[in-house]
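Residue numbers (the working numbering), protein chains in the order written: chain S, 1 to 323; chain H, 1001 to 1323.
The C-beta atom is built at its ideal place from N, Cα and C for all residues, glycine as well.
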DNA sequence: TTGTAAGCGTTATCAT
DNA sequence: ATGATAACGCTTACAA
């Protein structure tokens, strides 16, 4: 029979159905009405030829859009190890998916300049520079930054870091704590804001060190601090995962939480493998994701999009107690 | 002074540099040599006009490729809650990124038929049907299936489920266990294989129930089984996360692991928040990801790609002991 | 090494 | 409701 024939195109379908190219196009796009009988003929011809719908690549060029939104999250395995990041991602994906947009993961190092992106979400808390930034700006790709640097031209989604951190600090102060230490993130806007909030109440809070939101990382970080700790009675962390690591390491070293040591987190995610409820600052992760995605949609549509600042709430759990 | 001028194209650059369109193209693609002086002129013109490189959409259409590979992982937050999935994803992303390909997340429900995908990875263990499958086949999109159904036309990446499961079962048998129960995954190829391996040794192993790889889920699943358990002395799980959940729930109910109950997992991932090392079946997650990505590259290149079956290894930890 | 020209497969505009 | 036609911006034979 026939050799390796090329895939049928819309033109083939149109010809086979005896209609014009534009009518065939409208049959599939539905952008303008097409009579029922014509549609029948076109679809029949398509089925017969094995035409699987308009070529996305061609449509993309014509429309100037790819339907793909990039999301920069740094190293995948570390970024997504934190449930907070996943909750956010879920919300983003939900909104973008409903709009027919796909979500493309951008590692920090890769060269994504050649990929067709309609917009990019920058969600790498703890980084202040980004190789791809200049390129994206040059290409006029809308950029939505989550808790990152307030780069020119980008839309900015953030939460009330300082307010939440200060509320937590006040809670500890009210419990009688005076000697407080903190585990930090890498130098970044959220970290600076949160530390400022902490120092609003405890100006001399000691910094134990910085690490990612990773149980093992925080355990090794605080390991010796718990031995030769000075008079520290509470440790404030920048994520619930960090806080869980501190709790576990404290117990390993014979300290009871919260009796001997109060521990606080940030985020408000579930930690079912911990047998206590963390005192933490709950951030609206789903709202943050939705707001981010909505900002992306707005920017893609060319609308004026304003920055978003979301509130947080202190949640007192079982990991903090009187000093 | 000019109004909202449209973005410059390669043709503008070529004209401004006084060279032909093809020469300008070659300057950027490097696909054929261009004299140094010519390149200079082109790049200078590009810089002057603010040309940010060839339009990816146009190149995609011309080349018939988008540079985007889809990966179907089901619900994002649940899929990535398991560190095993992340390790795999990392390896995939590493190889594809090096090849200049982007990775697009495909939720199960969304309609991704309109997205330009060069290939798709199906990595949803525990699902046997997929709405998008027929469409991808119709569009001739290469499909690489990881531990999923052996769909016609797809390349198949898998591990030695049954062998590993049987080795684990023999380990338990050698420890004197005779009354074994198991926590399963949703009905699927891996689940069937692993259960077969278990029953090679314990034909009458009891099924406690199925759940995802989620600590909270498994805890509630096994909660009452640990109370009114018959003579069960060991529980075999289908992931280390499941196993961790069983350990925690067992302890919560006053059972010591491994003295009163042996618990085994699958995967071989780190569980730093558990104070014992799980006995488990270690699968080569990075290899699996690399093999998957390599298969994708091969399929995109139109090569003949063979299926891959990777070995696993029993690792005896502290969560199993004599019955 | 550089230029000419032919598409890639659509969608959108404008008539009819 | 349908048809003719012009882009969309680039890459790549092929020619010179």
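Residues bridged to residue i [DSSP beta-bridge criterion]
| i | result |
| --- | --- |
| residue 124 of chain S | Note: residue 124 of chain S sits in no beta bridge, so no partner. |
| residue 1088 of chain H | DSSP, once it has assigned bridges, lists no residue as partnering residue 1088 of chain H. |
| residue 1071 of chain H | H/1105 and H/1121 |
| residue 157 of chain S | S/146 and S/308 |
| residue 315 of chain S | S/280 |
| residue 267 of chain S | S/282 |
| residue 1181 of chain H | H/1206 and H/1235 |
| residue 262 of chain S | S/234 |
Buried versus exposed, by CB contacts within 10 Å (16 or more), residue i
| i | result |
| --- | --- |
| residue 1063 of chain H | exposed |
| residue 37 of chain S | exposed |
| residue 318 of chain S | exposed |
| residue 1190 of chain H | buried |
| residue 182 of chain S | buried |
| residue 1001 of chain H | Low per-residue confidence applies at residue 1001 of chain H: pLDDT is 42, beneath 50, and the placement is therefore not dependable enough to give any value. |
| residue 1232 of chain H | buried |
| residue 1142 of chain H | buried |
| residue 1039 of chain H | buried |
| residue 262 of chain S | buried |
| residue 259 of chain S | exposed |
| residue 239 of chain S | buried |
| residue 303 of chain S | exposed |
| residue 1056 of chain H | buried |
| residue 1277 of chain H | exposed |
| residue 1129 of chain H | exposed |
| residue 256 of chain S | exposed |
| residue 1252 of chain H | exposed |
| residue 1291 of chain H | buried |
| residue 138 of chain S | exposed |
Closest by C-alpha distance to residue i, when choosing among the options
| i | options | result |
| --- | --- | --- |
| residue 180 of chain S | S/320, S/5 and S/32 | S/320 |
| residue 1019 of chain H | H/1314, H/1237, H/1087 and H/1041 | H/1041 |
| residue 1153 of chain H | H/1144, H/1161 and H/1159 | H/1144 |
| residue 48 of chain S | S/16, S/68, S/73 and S/296 | S/16 |
| residue 92 of chain S | S/242, S/257 and S/68 | S/68 |
| residue 1214 of chain H | H/1085, H/1032 and H/1056 | H/1085 |
| residue 170 of chain S | S/148, S/199, S/311 and S/142 | S/199 |
| residue 279 of chain S | S/155, S/71 and S/313 | S/313 |
| residue 1166 of chain H | H/1146, H/1187, H/1147 and H/1192 | H/1192 |
| residue 1300 of chain H | H/1099, H/1188, H/1256 and H/1125 | H/1099 |
| residue 134 of chain S | S/113, S/65 and S/97 | S/113 |
| residue 1164 of chain H | H/1311, H/1006, H/1010 and H/1155 | H/1311 |
| residue 1151 of chain H | H/1094, H/1132 and H/1096 | H/1132 |
| residue 287 of chain S | S/94, S/316 and S/23 | S/94 |
Pair within 8 angstroms by beta-carbon distance, residue i and residue j
| i | j | result |
| --- | --- | --- |
| residue 116 of chain S | residue 1060 of chain H | yes |
| residue 1028 of chain H | residue 1050 of chain H | no |
| residue 1211 of chain H | residue 1205 of chain H | no |
| residue 1237 of chain H | residue 1264 of chain H | yes |
| residue 1223 of chain H | residue 1249 of chain H | yes |
| residue 283 of chain S | residue 159 of chain S | yes |
| residue 88 of chain S | residue 289 of chain S | yes |
| residue 1157 of chain H | residue 1308 of chain H | yes |
| residue 127 of chain S | residue 188 of chain S | yes |
| residue 110 of chain S | residue 66 of chain S | no |
| residue 323 of chain S | residue 175 of chain S | yes |
| residue 272 of chain S | residue 1219 of chain H | yes |
| residue 234 of chain S | residue 177 of chain S | yes |
| residue 1058 of chain H | residue 1155 of chain H | no |
| residue 1266 of chain H | residue 80 of chain S | no |
Distance between beta carbons of residue j and residue i, contact taken as under 8 angstroms
| i | j | result |
| --- | --- | --- |
| residue 1274 of chain H | residue 1247 of chain H | 6 angstroms |
| residue 13 of chain S | residue 46 of chain S | 5 angstroms |
| residue 120 of chain S | residue 136 of chain S | 6 angstroms |
| residue 105 of chain S | residue 1297 of chain H | Rounded, the Cβ-Cβ distance is 17 angstroms, inconsistent with contact. |
| residue 173 of chain S | residue 146 of chain S | Between residue 146 of chain S and residue 173 of chain S the Cβ distance is about 30 angstroms, and since that is not below 8 angstroms, they are no contact. |
| residue 1021 of chain H | residue 1011 of chain H | 6 angstroms |
| residue 1007 of chain H | residue 140 of chain S | 7 angstroms |
| residue 1075 of chain H | residue 1123 of chain H | Not a contact, Cβ separation roughly 13 angstroms. |
| residue 1168 of chain H | residue 1281 of chain H | 5 angstroms |
| residue 103 of chain S | residue 71 of chain S | 6 angstroms |
| residue 1125 of chain H | residue 1148 of chain H | 7 angstroms |
Residue i beta carbon near the ligand NAP (any heavy atom closer than 7 angstroms)
| i | result |
| --- | --- |
| residue 188 of chain S | Among the components modelled here there is no ligand, and therefore nothing to report on the ligand NAP. |
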